[in-house]
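Enquirer:
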Amino acid sequence: MNNINGIISKEGVIYYATGKKYLKQAIYSCKTLKKHNRISATLFTDKIGSDILKEIPSSKVFDVIRIFDLKYKPLKTKIQILALTPYEHTLFIDTDTEVRGDVFKPFEYLKEYDFAIAGMRWLDFSTKIPTLKEYEKPHPVREDIKVVNTGVIYFRRNDSVLSFLKVWLEKISDHPNKTGTHKIDCDQQILNDLLGESEDLNKGVSFKMISNTIYNCRTLFFKRLKREGKYDDIVIVHEHGLDKSSIYKLKKRIRKLGSNIYRKYIKR
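Just so we're aligned, residue 7 is where the sequence shown starts under the numbering used here, counting upward by one.
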């Protein structure tokens, strides 16, 4: 779990992607990152991904591209590459993101905390169409944190964090649990389980909760944020399809509207 390539700068952003779909998402996200921030960005990919990138001129948006062999399935590989970060202070971002502003403020928390991470949205599934119950979902065991989302993670690189990442990695199953509802193969589920265990809660590392309406915002939040006058505060949007064209997004909204109407008024 050591970074064999060494530190290249104090602060930076890392992405992990392979396959044309996810590489294109990462390129789009990194372009939006660079539009608003002067910061180093590293992409982790495999040999197949590096070959695909040669055919995409816009991939030069990354400052560093690091190629490695995929040892695990994607959600486990994600944790592996966190430990390979070439930065002292790192922002990991999922590929399905769009950066709209300054990402630097949460780095300040890393002077005191090992991780700065946002909570997961809280949906109400009691209705036919799931609705937003609250921005953040309470943790089922702890009152001091929320259920966390691992799409946007700020963290610092030290021995405690590397040890924690090793535990996190080892806890994730190599194969999906096809029979149960407990997602033992999911990095996010395992992290929330780790943070909920009664003994040695944080496994020697500290966590700072940051706002998911700013740094891990979902499009479902938009209407409410506009009413609250907070829409312009959004820094990172996290949602599928952000890299698509305006026509694609319009068609998606129409399909979603049609689906909602069917589920609400027709399907009984």
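Note that CB positions come from ideal geometry on N, CA and C, so glycine has one too.
These numbers were taken from a predicted model, which means no experiment stands behind them.
On the three-state DSSP scale, how would you describe G157?
Expert: strand
Enquirer: Should L129 and K117 be called a contact, given that it needs their Cβ atoms to be closer than 9 Å?
Expert: no
Enquirer: Applying the 10 Å Cβ sphere with the 16-neighbour rule, what's the burial state of N164?
Expert: exposed
Enquirer: Can you tell me which of Y21, F227, C36 puts its alpha carbon nearest to the alpha carbon of T83?
Expert: Y21
Enquirer: How is T83 classed by DSSP in three states: helix, strand or coil?
Expert: helix
Enquirer: Helix, strand or coil, according to DSSP, for V105 in the structure here?
Expert: strand
Enquirer: Pair every Cβ in the segment 36 to 56 with every Cβ in the segment 83 to 99, then say whether three or more of these pairs are closer than 8 Å.
Expert: yes
Enquirer: With a 10 Å radius around its C-beta and 16 neighbouring C-beta atoms as the bar for buried, classify K232 as buried or exposed.
Expert: Classification of K232: exposed, given that the 10 Å Cβ count is below 16.
Enquirer: In this structure, does DSSP put Y28 in helix, strand or coil?
Expert: helix
Enquirer: Please check the pair V105 and H145, which I expect to be a contact at CB under 8 Å, by giving their CB distance rounded to whole angstroms.
Expert: Rounded, the Cβ-Cβ distance is 27 Å, inconsistent with contact.
Enquirer: What does the alpha-carbon distance come out to for the pair K30 and V147?
Expert: 38 Å
Enquirer: When the Cα of I151 is compared with those of K37, T96, S217, which residue comes out closest?
Expert: S217
Enquirer: Using a beta-carbon distance below 9 Å, is V67 in contact with chain B?
Expert: This model lacks chain B altogether, as it is built from one protein chain only.
Enquirer: CB R44 to CB H95, shorter than 9 Å?
Expert: no
Enquirer: Would you tell me roughly how many angstroms separate the C-alpha atoms of Y346 and S35, rounded to the nearest one?
Expert: Nothing in the structure corresponds to residue 346, since the chain is present only between 7 and 274.
Enquirer: Using CA atoms only, rank isn't needed, just tell me which of D238, C192, L201 is closest to Y78.
Expert: C192
Enquirer: Tell me the residue span of the alpha helix (DSSP H) that contains I211.
Expert: Looking at the sequence shown, residue 211 is not Ile but Val. That residue, V211, is in no alpha helix (DSSP H); it is neither H nor E in DSSP.
Enquirer: Given a cut-off of 9 Å, decide if D102 and G55 are closer than it, judged by their beta-carbon atoms.
Expert: no
Enquirer: Starting from K16 and walking both ways along the beta strand (DSSP E), at which residues does that stretch end?
Expert: That run of the beta strand (DSSP E) goes 15 to 22.
Enquirer: State the CB to CB distance for the pair N155 and Q194, rounded to an integer number of angstroms; the pair is presumed to be in contact (CB under 8 Å).
Expert: 7 Å
Enquirer: Could you check how far apart the C-beta atoms of I58 and K26 are, in whole angstroms? I think they sit under 8 Å.
Expert: 5 Å
Enquirer: Mark I240 as exposed unless 16 or more other C-beta atoms lie within 10 angstroms of its C-beta, in which case mark it buried.
Expert: buried
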